[in-house]
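Numbering (our numbering), first residue to last: 1 to 448.
Built from N, CA and C at the ideal position, the CB exists for glycine as well.
Quick caveat, the model's predicted, so the values are computed rather than measured.
Accompanying notes for the structure given below.
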C-alpha cells in the first residue's frame, strides 16, 4: 500500500520505518529541509533504539523516501498519517496549530480519495475539526473530492517504540465507515499475525482512549510516589510494599516504580490536556488534578533531600555530580525531565552542577545554555572528581552496577542520592556511603 506520513518526530518516523519494513511504499513529509536532507542520507535526527538501521535499510531499498513537498508526498498515497507535534499551551490545552496547518495543506492539494489518519495525540473532537478544515479548503477550490478522517492514536513508549509498533498490544481505530476500517485492517494486518489486535470504535471514543490510557499510567506513577513518600515517614520500605501490592494480579508490577516523577512528551502534556477538556465541559477532574500536582511535587523531592543533607539554603560552595538527564533511559528526550527541575532548583541556591548522560547530553546543553552553574560532560566518572555528592536521575543500565570504590575515592563526601532506587542500601552502607533513595530509610553517618 502507498502511505504518506506527515511529521518525522518520534511517532512519524517510527511509523514510517515500520510500515516500510512490512513492504509498503512510504513517503515522509517534513517542513524542515535539514531534517529531510539528513534522512535522505540515511541519518536520523532522534535517538530511538533500533530505528536507525530500519530507516537506513528501507531507504536504501526504495520503500522509504523523504520530501518537504506535501502535494508530491501524498499524491499516490491512500493513507495520509498526520503525526505532527501537539504541544501544550500555557493553560494546559493542546496546541493544534500544526494539525490545522496540515489539514489546510491537504485540503488545498488533495485530488482523489484519501484516508486522513490522525495519529498525533489530540483532544476529543479533533477529527471533526480536521474534516471541516479540509472540506472548507476543497470548497474554496470548487472541487468535489471524497475523503475520510479517522483517529488512530499511537501507543509507543520512547526507548522501545520500534518494538511497540511492530508488536502492538492493540491498534485503536476510530471511524464510523466500515470500508475505511477494513482498509486500515489490511494495512495493519502484518502487525497482528498471532491474533486480531484491531479495536474499532467511534472517533471520539478513540480520541478519548489515548488520553485515558496515558492518564491511567500517570496515575499509577503518582500513586506509588505518594506511597513512597509516606513510607519514608512511617519507617516502611517501598521496595517491599511494591512487591506486596504488585503480586495482586488486579494491580500488577507495571508502572509502580517509585522515583522522581514522570516526564517526557506524553504523560505531562496529556494529563494537562485531559484536565483542560474536563473543565471545558463543566467538570472538575479531581483525580487528574491530584496526579498532576503529586508529580510536580515529586520532581522536587531529590533537590530537597540534597538541600537538607547539607543543611543549607545557600549551596554556593557545593558541587553536585548528576548521572542522567533524559526523562527516562533509552531516549535522548529531556522534555519535562526531573533532572532539569533538580538542576534548576539547586543552581538557584548557588550549587554548581556537573552532569552526564550517555545520549541526552547535547539536548541538555542546549536547554541549559543560559545556566552558568550547570555543566554537561561526556564521561560519567570525570564529573565526580571533587564533587560533594552524586545524584542519579535516569535509570540507564550503565549506572546500575558502577565502580563504587572509584566513586567514593573521587567524591569529597561519600554520599549518593538515588532518584531511581538502583542500589542496595545495605551494600552502600557497608562501603561507607551515605545513601538516600525514594521511599526507603536513609543510610547516613547519624544512623549507623
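A straight-line Cα-Cα distance of about 22 Å links residue 385 and residue 348. Judged by DSSP secondary structure, residue 354 falls outside any alpha helix (DSSP H) and instead within the beta strand (DSSP E) spanning 352–356. Beta-bridge analysis with DSSP links residue 392 to 323, 418. Sequence-distant partners of residue 76 (beyond 5 residues in either direction) whose C-beta falls short of 6 Å from its own C-beta, in its chain, are 2. Rounded to whole angstroms, residue 334 and residue 143 show a C-alpha spacing of 45 Å. For residue 73, the enclosing alpha helix (DSSP H) stretches over residues 70–74. Using a Cβ distance threshold of 9 Å, residue 261 and residue 338 count as a contacting pair. Sorting 299, 6, 22 by C-alpha distance to the C-alpha of residue 419 places 299 at the top. Per the Cβ contact rule, the segment 321–331 is in contact with the segment 346–365 (3 or more Cβ pairs under 8 Å). Looking at the DSSP output, residue 114 shares a beta bridge with 147. Between the segment 148–161 and the segment 109–117 there are three or more inter-stretch CB-CB distances shorter than 8 Å, so the stretches are counted as touching. Put simply, the backbone Cα of residue 374 is about 10 Å away from that of residue 340. A Cβ-Cβ separation of about 6 Å places residue 51 in contact with residue 14 under the 8 Å criterion.
A contact between stretches requires three or more CB pairs, one per stretch, nearer than 8 Å, and the segment 67–81 meets this requirement with the segment 16–34. Distance between residue 310 and residue 218, taken at the CA atoms: about 32 Å. Between residue 188 and the set 138, 20, 408, the nearest pair of CA atoms involves 20. Comparing alpha carbon positions, the residue from 84, 210, 440, 126 closest to residue 230 is 440. Three or more Cβ pairs drawn from the segment 100–107 and the segment 73–92 lie within less than 8 Å of each other, which places the two stretches in contact. Checking the DSSP bridge columns, you'll see residue 120 has no partner listed. In the structure shown, the three-state DSSP call for residue 81 is strand. Per the coordinates, the alpha-carbon of residue 329 lies some 44 Å from the alpha-carbon of residue 136. For residue 359, no alpha helix (DSSP H) run applies, since DSSP gives it neither H nor E.
Setting aside the 5 residues that flank it on each side, residue 269 is surrounded in the same chain by 88, each with a C-beta closer than 6 Å to its C-beta; the list follows chain order. Here residue 65 is bridged, per DSSP, to 27.
For residue 2, the enclosing beta strand (DSSP E) starts and ends at 2–6. DSSP places residue 266 outside both helix and strand once states are collapsed to three, so it counts as coil.
Counting along the chain, the unbroken beta strand (DSSP E) around residue 434 starts and ends at 434–436.
About 3 Å separates the CB atoms of residue 206 and residue 174; that is less than 8 Å, so the two are in contact. Separation of the CB atoms of residue 276 and residue 91 is rounded to 7 Å, and the pair is thereby assigned contact status at 8 Å.
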